[in-house]
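Asker:
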Amino acid sequence: MRALLAALCLGLMTPVIAQDVELDPLSGFKKVGDWELVRNNCVACHSAKLVTQQRGNAEQWLTMIRWMQEKQNLWAFDPETENRIITYLAENYPPPENQRRTAIPPELMP
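Plus 44 on top of the position in the sequence shown (first one is 1) and you've got this note's numbering.
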């Protein structure tokens with residue numbers, strides 16, 4: 045019984061441990077890796093909340109960036125900067141496990 049209770053308590057603590065990341069108080073971005081690079085490029089056009097509410101894998105984030113470049117006049121990034129931004133976003137704002145659908149393809153977006 046003790047082992048079961050200990051396992052249950054440990055299981056309940058796991059999400060708290062996994063989310064123990066400092067957030068930037070102004071933007072809400074997770075302060076890990078290239079967060080400042082992402083913040084500086086993303087909040088130039090829109091709120092940080094718009095970014096942190098999105099979720100995607102690297103391909104989905106790249107699709108969103110390409111859509112913004114084509115439809116919203118987002119500037120082009122050099123390959124290294126683009127890779128660093130996509131890596132940060134995919135690692136820190138991945139798709140949820142219970143995601144209902146994939147991202148809307150760029151050609152279907154307004």
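Ideal placement from N, C-alpha and C gives every residue a C-beta, glycine not left out.
Using C-beta distances below 6 Å, list every residue in its chain close to Leu133, excluding the 5 sequence neighbours before and after it, in chain order.
Answerer: Locating residue 133 in the sequence shown gives position 89, where the first residue counts as 1. Within the same chain, Leu133 has close Cβ partners Trp105.
Asker: Which first and last residues belong to the alpha helix (DSSP H) in which Cys86 is found?
Answerer: As a first step, residue 86 is located in the sequence shown; it is residue number 42 there, counting from the start. Run containing Cys86: 79-86, per the alpha helix (DSSP H) assignment.
Asker: When the distance is taken between beta carbons, is Pro150 closer than 7 Å to Thr107?
Answerer: Walking along the sequence shown from the start, residue 107 turns up at place 63. Walking along the sequence shown from the start, residue 150 turns up at place 106. Result yes, Cβ atoms of Thr107 and Pro150 sit closer than 7 Å.
Asker: Roughly how many angstroms lie between the CA atoms of Thr122 and Phe73, to the nearest whole one?
Answerer: Locating residue 122 in the sequence shown gives position 78, counting from the first residue. Locating residue 73 in the sequence shown gives position 29, counting from the first residue. Here residue 122 is Asp; the residue named in the question, Thr, does not match the sequence. In a straight line, the C-alpha of Asp122 is about 22 Å away from that of Phe73.
Asker: Between Gln113 and the rest of its own chain, which residues show a CB-CB distance below 8 Å, the 5 nearest in sequence each way excluded?
Answerer: Along the sequence shown, one-based indexing puts residue 113 at 69. Answer for Gln113: Trp119, Ala120, listed in chain order.
Asker: If I measure Cβ to Cβ from Lys75 and keep anything under 6 Å in the same chain, skipping five residues before and after, which residues do I get?
Answerer: As a first step, residue 75 is located in the sequence shown; it is residue number 31 there, counting from the start. Cβ neighbours of Lys75 beyond the five flanking positions: Glu66, Asp68.
Asker: State the beta-bridge partners of Lys74 as determined by DSSP.
Answerer: Here residue 74 corresponds to residue number 30 of the sequence shown, with the count starting at 1. Its beta-bridge partners are Leu67.
Asker: Determine the extent of the alpha helix (DSSP H) in which Asn136 is found, giving its start and end residues.
Answerer: Indexing the sequence shown from 1 puts residue 136 at position 92. Unbroken alpha helix (DSSP H) run through Asn136: 123-136.
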